[in-house]
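Participant: Per my numbering, the sequence shown starts with residue 0, numbered consecutively.
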Amino acid sequence: MNNMEKTLYGPLFSPEVEGTLFTKEQIKEITDHISQEISNSFKKQLDKALKERKEQIQKIKQTVGDKKVLLALSGGVDSSVCASLLSKAIGSQLTCVFVDTGLMRKNEGDEVEEAFKNDELNFVRVNAKDRFLEKLKGVTDPEQKRKIIGEEFIRVFEDEAKKIGQVDYLAQGTIYPDVIESGLGDAKVIKSHHNVGGLPDVVDFRDLIEPLRDLFKDEVRRLGLELKMPEYLVFRQPFPGPGLGIRVMGEVTEEKLEILRNADAIFREEIAKVGEDK
Numbered sequence: 000m001n002n003m004e005k006t007l008y009g010p011l012f013s014p015e016v017e018g019t020l021f022t023k024e025q026i027k028e029i030t031d032h033i034s035q036e037i038s039n040s041f042k043k044q045l046d047k048a049l050k051e052r053k054e055q056i057q058k059i060k061q062t063v064g065d066k067k068v069l070l071a072l073s074g075g076v077d078s079s080v081c082a083s084l085l086s087k088a089i090g091s092q093l094t095c096v097f098v099d100t101g102l103m104r105k106n107e108g109d110e111v112e113e114a115f116k117n118d119e120l121n122f123v124r125v126n127a128k129d130r131f132l133e134k135l136k137g138v139t140d141p142e143q144k145r146k147i148i149g150e151e152f153i154r155v156f157e158d159e160a161k162k163i164g165q166v167d168y169l170a171q172g173t174i175y176p177d178v179i180e181s182g183l184g185d186a187k188v189i190k191s192h193h194n195v196g197g198l199p200d201v202v203d204f205r206d207l208i209e210p211l212r213d214l215f216k217d218e219v220r221r222l223g224l225e226l227k228m229p230e231y232l233v234f235r236q237p238f239p240g241p242g243l244g245i246r247v248m249g250e251v252t253e254e255k256l257e258i259l260r261n262a263d264a265i266f267r268e269e270i271a272k273v274g275e276d277k
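1) Taking the alpha-carbon of leucine 102 as reference, which of Arg221, Lys216, Gly149 has the nearest alpha-carbon?
2) Can you tell me where the alpha helix (DSSP H) with isoleucine 174 in it begins and where it stops?
3) Taking the C-alpha atoms as reference points, what is the distance between isoleucine 208 and serine 91?
4) Of the residues Ala88, Gly242, Glu250, Pro176, which one's Cα is nearest the Cα of alanine 170?
5) Which residue from Val138, Ala264, Phe131, Asp276 puts its Cα closest to that of proline 236?
6) Within this structure, are the beta carbons of valine 96 and leucine 120 separated by less than 8 Å?
7) So for glycine 100, helix, strand or coil by DSSP?
8) What three-state label does DSSP hand aspartate 158 in the structure shown?
9) Hey, arginine 124 and aspartate 158: beta-carbon distance below 8 Å or not?
10) Closest to phenylalanine 215 by CA distance: which of Ile179, Gln57, Leu84, Glu110 is it?
11) Which term fits serine 86, buried or exposed, when burial requires 16 or more other beta carbons within 10 angstroms of its beta carbon?
12) Is it buried or exposed, valine 166, if we count other Cβ atoms within 10 angstroms and call 16 or more buried?
What follows is the structure, given as structure tokens:
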């Protein structure tokens, strides 16, 4: 039996019956069949990703024209795929700004810079730790933290845009689960994502560009593979934009952040040692 939609497969046999033989050849036949089914399914998914890429690139070109775009690049899967897609569409009109909020995991800021500094992208790193910690001083409620972090992100990008010159569009790697969880439409708020529920009402850009907004995470990863991005970026462990600012209980302080960074690093290192980090 198989269910392709749920990727479930299984043989039906009775191992407890003496007359039932289940040979290596039969197992191989079943696994070969499953492998072929998965291969066909994956090809269809890649074909879909290719079509989505072409459609999105054309749409981006039509929307942007000869204007400039500033992308909020976190180094996570979504913003990285968004960067690659936008780069294919508008090339040097794109500037990727990575805001180091001081709320990231251990050495993560340096890792993000290393991943993108040799790319063809215009990459800018902004060290804004003090700025974010000042805004979060005395704040303990997670939802309020998200709102503050979301607004400060925008303000940082506005400041960077002024340095670059006239920038008309702000791009984000927003995906569909971000929209659902933030309570837009008929859904209830699960948690406000800083790039959705955390955005301020007034922003100094003509409009937002969110080419991944209708995609789920697995679809974003497939698109990343089709764009020939490195697998370590495509399959990177998801990490929310507000980062350790939400994981810290109570007020966010540098001391708490350092303790949490080290604890998180130790935990992830042990997970990796047993091969469960994928």
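C-beta atoms are modelled at their ideal positions from N, C-alpha and C, and glycine is treated no differently.
A quick note: this is a predicted structure, and the numbers were derived from the prediction, not measured.
Facilitator: This is what the structure holds:
1) Here the question's residue 102 lines up with position 103 in the sequence shown. Leucine 102 has its Cα closest to that of Gly149, out of Arg221, Lys216, Gly149.
2) As a first step, residue 174 must be located in the sequence shown, where it is residue number 175. Counted as a single uninterrupted DSSP element, the stretch harbouring isoleucine 174 is not any alpha helix (DSSP H), since DSSP gives it neither H nor E.
3) To locate residue 208, count along the sequence shown from 1; it is residue 209. To locate residue 91, count along the sequence shown from 1; it is residue 92. Distance between isoleucine 208 and serine 91, taken at the CA atoms: about 16 Å.
4) The residue you call residue 170 lines up with position 171 of the sequence shown. The option with the nearest alpha carbon to alanine 170 is Ala88.
5) Taking the first residue of the sequence shown as position 1, residue 236 is located at position 237. Reading off the sequence shown, one finds glutamine at residue 236, where the question assumed proline. Distance from the Cα of glutamine 236 is smallest, within the candidate group Val138, Ala264, Phe131, Asp276, for Asp276.
6) Position 97 of the sequence shown holds residue 96. Position 121 of the sequence shown holds residue 120. Cβ distance not < 8 Å, so valine 96 and leucine 120 don't count as in contact.
7) Working through the sequence shown from its first residue, we reach residue 100 at position 101. In the sequence as presented, glycine is not what sits at residue 100; that position holds threonine. Looking at threonine 100 - three-state DSSP - the assignment turns out to be coil, as it is neither helix nor strand.
8) Here residue 158 corresponds to residue number 159 of the sequence shown, with the count starting at 1. In the displayed model, aspartate 158 falls within a helix according to three-state DSSP.
9) Working through the sequence shown from its first residue, we reach residue 124 at position 125. Working through the sequence shown from its first residue, we reach residue 158 at position 159. Cβ distance not < 8 Å, so arginine 124 and aspartate 158 don't count as in contact.
10) For this step, residue 215 is matched to residue 216 along the sequence shown. Ranked by Cα distance from phenylalanine 215, the first of Ile179, Gln57, Leu84, Glu110 is Ile179.
11) Position 87 of the sequence shown, counting from 1, holds the residue named residue 86. By the 10 Å Cβ count, serine 86 comes out buried.
12) What you label residue 166 is simply residue 167 of the sequence shown in a count that begins at 1. Valine 166 should be labelled buried.
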